[in-house]
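Peer 1: Sequence lines, in order, name chains A and B.
So the first sequence is numbered by the working numbering: it starts at 324 and just counts up by one.
So the second sequence is numbered by the working numbering: it starts at 1119 and just counts up by one.
For glycine and all other residues, C-beta sits at the position ideal for the given N, C-alpha and C.
Because the structure is a prediction, the values reported are computed rather than measured.
Pasting a structure below so you can have a look.
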Amino acid sequence: MKVQEIGAILEGEFLCGGEWAENMDVDFGYAADLMSDVLAFARAGSMLITGLTNIQIVRTAQMMDIPAVVFVRGKRPQEDTVRLAAQSRIPLLVTMKSMYETSGVLFAAGLPACIIPHREAGGEEH
Amino acid sequence: MVLDFPVEGEDFLAAGEASSSVKDTLKMLGVPSSICRRAAIITYEAEMNLVIHAGGGMLRARIDEEKVVLVTEDQGPGIADIDQAMREGYSTASDQVREMGFGAGMGLPNIKRNADRLDIESTVGQGTILTASIYFVGEPQPSA
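Right under this line is the structure:
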């Protein structure tokens, strides 16, 4: 799904990277307010949906090959977060929708989820 | 090739810069993107541990033809029980760190999942040395 299409579906505003969004695809969606979870479970090529706005969100996106980020609940990041995203060519989008609604409309529009591998309590995978 | 980065404790603005450089270098060397990503996850989790828990330290990446070895070394408080620290959900992070979305007790298990080999040496009151290796070929890939 094109990032630009996601911007339209979410009635969102691009804080940076709107000009790249037309040619940029995402393959999955992952929603979390825990970067620790994103680092463990988001797949490469996922759109990150989050309510956190600190600069580490962009760092996490860089590390995880996350092409674009949407901030929910109308939350806006500080200048340094937007600057790093623009340098890293990661479009940032803000929507007034809640995390639940954002995830729901994108899922309904055909953006698949990242499947979480089954793990024992100790963290071992099967 | 050896890359060395000093990492400042509690500097949440700069945290991740070293990991970003390591990932860029691996990409530039033509290392496959799935391996670059695993290396980036390991360095970033380990770098955040230096920033959050250790009062800073040193991050080193050693790259040769067959592997990348990622090492963090600190003079922080050390890990009293490594088995406990390896369990998902166990964390000693502050509320400030949790508000930033970290400190959920996922870091060390995530490092283990992405490394082909992991070695942690830690002495309480003296510090911790973490060594994680990823082989470019010939070693099993983690399922994550």
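(1) If G380 of chain A and V392 of chain A are in contact, beta carbons under 8 Å, what's the gap, nearest whole angstrom?
(2) Report all residues from its chain with a CB closer than 8 Å to the CB of L362 of chain A; omit the five preceding and five following residues, and keep chain order.
(3) Beta strand (DSSP E) containing P1124 of chain B: first to last residue?
(4) Determine the burial state of V349 of chain A: buried for a count of at least 16 other Cβ atoms within 10 Å of its Cβ, exposed for fewer.
(5) What residues in its chain sit with their C-beta under 6 Å from that of D1234 of chain B, if we drop five residues either side in the sequence?
(6) Taking only runs of the alpha helix (DSSP H) that begin and end inside the segment 345-395 of chain A, which ones reach a length of at least 4 residues, in chain order?
(7) Do I1153 of chain B and V1215 of chain B have their C-beta atoms closer together than 7 Å?
(8) Per DSSP, what kind of secondary structure is M290 of chain A in: helix, strand or coil?
(9) Note down, in chain order, each residue of its chain lying with its Cβ closer than 6 Å to the Cβ of A367 of chain A, except the 5 sequence neighbours on either side.
(10) Can you grab the Cα-Cα spacing for the pair E1183 of chain B / P1124 of chain B, in whole Å?
(11) When DSSP labels each residue in this structure, what does F430 of chain A get in the three-state scheme?
(12) Identify whether C1154 of chain B lies in helix, strand or coil by the three-state DSSP scheme.
(13) Taking Cβ to Cβ, would you say F1196 of chain B is nearer than 7 Å to G1127 of chain B?
(14) Cα separation between G330 of chain A and M358 of chain A?
(15) Three-state secondary structure (DSSP) at S411 of chain A?
(16) Enumerate in chain order the residues of its own chain whose CB-to-CB distance from L333 of chain A is below 8 Å, with the five nearest sequence positions on each side excluded.
(17) Could you please tell me which residues of the segment 1152-1167 of chain B, in chain order, have their CB closer than 9 Å to any CB of chain A?
(18) How far does the beta strand (DSSP E) with K1185 of chain B in it extend, from its first residue to its last?
(19) Let's see if you can read the secondary structure: which residues bound the alpha helix (DSSP H) around L1226 of chain B?
(20) Is the number of C-beta pairs between the segment 1199-1206 of chain B and the segment 1156-1176 of chain B that are closer than 8 Å three or more?
(21) Which chain B residues sit within Cβ distance under 8 Å of Q385 of chain A?
(22) Rounded to whole angstroms, what's the CA-CA distance from L1177 of chain B to M1166 of chain B? Just pull it up for me.
(23) Could you check the C-alpha separation between I456 of chain A and F1130 of chain B for me, to the nearest Å?
(24) Determine whether the beta carbon atoms of P400 of chain A and T373 of chain A lie at a separation below 7 Å.
(25) Going by CA-CA distance only, name the one from B:A1164, B:A1172, B:G1223 and B:G1174 that's closest to D1237 of chain B.
(26) How would you call A1262 of chain B, buried or exposed, if buried means at least 16 neighbouring beta carbons within 10 angstroms?
(27) Examine chain A for any beta-carbon lying closer than 7 Å to the beta-carbon of N1232 of chain B, and answer yes or no.
(28) For the beta strand (DSSP E) that S1137 of chain B lies in, which residues bound it at each end?
Peer 2: With the structure as the only source:
(1) It is Ile, not Gly, that sits at residue 380 of chain A in the sequence shown. Sure, about 6 Å apart at Cβ, within 8 Å.
(2) T383, M386 and M387
(3) V1120 to E1126
(4) buried
(5) S1251, I1252, Y1253 and E1257
(6) 358-364 and 379-387
(7) no
(8) Limits of chain A in this structure are 324 at one end and 449 at the other, which puts residue 290 of chain A out of reach.
(9) D388
(10) 25 Å
(11) helix
(12) helix
(13) Inspection of the sequence shows that residue 1196 of chain B is occupied by Gly rather than by Phe. No, they are not a contact pair.
(14) 22 Å
(15) coil
(16) V393, L416, T418, K420, T425, V428 and L429
(17) S1152, C1154, R1155, A1158, I1159, T1161, Y1162, E1163 and M1166
(18) K1185 to D1192
(19) G1225 to N1232
(20) no
(21) G1134, S1138, K1141 and A1158
(22) 11 Å
(23) This structure gives no information on residue 456 of chain A, because the portion of chain A shown stretches from 324 to 449.
(24) no
(25) B:A1164
(26) Its pLDDT being 48, under 50, A1262 of chain B is placed unreliably by the model, and nothing is read from it.
(27) no
(28) Run containing S1137 of chain B: none in the beta strand (DSSP E); it sits in the alpha helix (DSSP H), E1135 to M1146.
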